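Note that the working numbering has the sequence shown beginning at 72, numbered continuously upward. From the three backbone atoms N, C-alpha and C, an ideal C-beta is built for every residue, glycine too. Just so it is clear, the structure is predicted and the values come from calculations on it, not from any experiment. Before any comments, here is the structure.
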Amino acid sequence: MSLQSNEVGDYLMPLQFINPDELPIPEMYTQVVIATGSKLVFVSGQQPEDIHGKLVGHGDFATQARLAFGNLGRALRAAGARPEQVCKITIYIVDYKRDEHVPIIEAAQISLFGDHKPANVVVGVAIMSPGYLIEVDAIAVIDEAVRS
Numbered sequence: 072m073s074l075q076s077n078e079v080g081d082y083l084m085p086l087q088f089i090n091p092d093e094l095p096i097p098e099m100y101t102q103v104v105i106a107t108g109s110k111l112v113f114v115s116g117q118q119p120e121d122i123h124g125k126l127v128g129h130g131d132f133a134t135q136a137r138l139a140f141g142n143l144g145r146a147l148r149a150a151g152a153r154p155e156q157v158c159k160i161t162i163y164i165v166d167y168k169r170d171e172h173v174p175i176i177e178a179a180q181i182s183l184f185g186d187h188k189p190a191n192v193v194v195g196v197a198i199m200s201p202g203y204l205i206e207v208d209a210i211a212v213i214d215e216a217v218r219s
């Protein structure tokens, strides 16, 4: 079983990451995340919209993915959460094509999370609002009182 450290600096993070030996080790997520923090943050689906709620990148999946993950980062900051405190994300994609979409999702995910790999689910959907191709939501766990 592969365990990632849950220590960051002087803080013990409220997340433990496990990739069981009996399952493949994924590149962009962790198979199991155990959350022990005291404050849960639920971020609604973030879409590729500007500050005025207008779609950005009509027809451009890469542009939309970058903005959706960027908006997710902004929502986390507003809640006092850091990307490394995210335990799970769900990614909704219109007309999901794994080989085409995964490299683009990975780049957008790395731009927010770096090498942090929360549990994730990718869901292919038939349609969202016209022109929208991706939406991302998240759950984070915060326990700032815990020190190692």
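Whole-angstrom Cβ separation of residue i and residue j, contact assumed at under 8 Å?
{"i": "V212", "j": "A106", "result": "4 Å"}
Measuring only the C-alpha atoms, how far is residue i from residue j?
{"i": "G116", "j": "I160", "result": "10 Å"}
{"i": "Q118", "j": "D214", "result": "28 Å"}
{"i": "Y203", "j": "F132", "result": "9 Å"}
{"i": "G130", "j": "D170", "result": "18 Å"}
{"i": "A136", "j": "P91", "result": "29 Å"}
Less than 7 Å separating the beta-carbons of residue i and residue j?
{"i": "V207", "j": "C158", "result": "no"}
{"i": "L94", "j": "Q102", "result": "yes"}
{"i": "T134", "j": "G128", "result": "yes"}
Across which residues does DSSP place residue i in a beta bridge pair?
{"i": "N142", "result": "Paired residue(s): none; N142 is not in a bridge."}
{"i": "K110", "result": "I213"}
{"i": "E98", "result": "The partner list for E98 (beta bridge, DSSP) is empty, contrary to what the question assumes."}
{"i": "E93", "result": "BP columns for E93 are empty, so no partner."}
message = Extract the residue ranges of the alpha helix (DSSP H) inside the region 155 to 215, only unbroken runs of 4 or more that lie entirely within it.
response = 169 to 184
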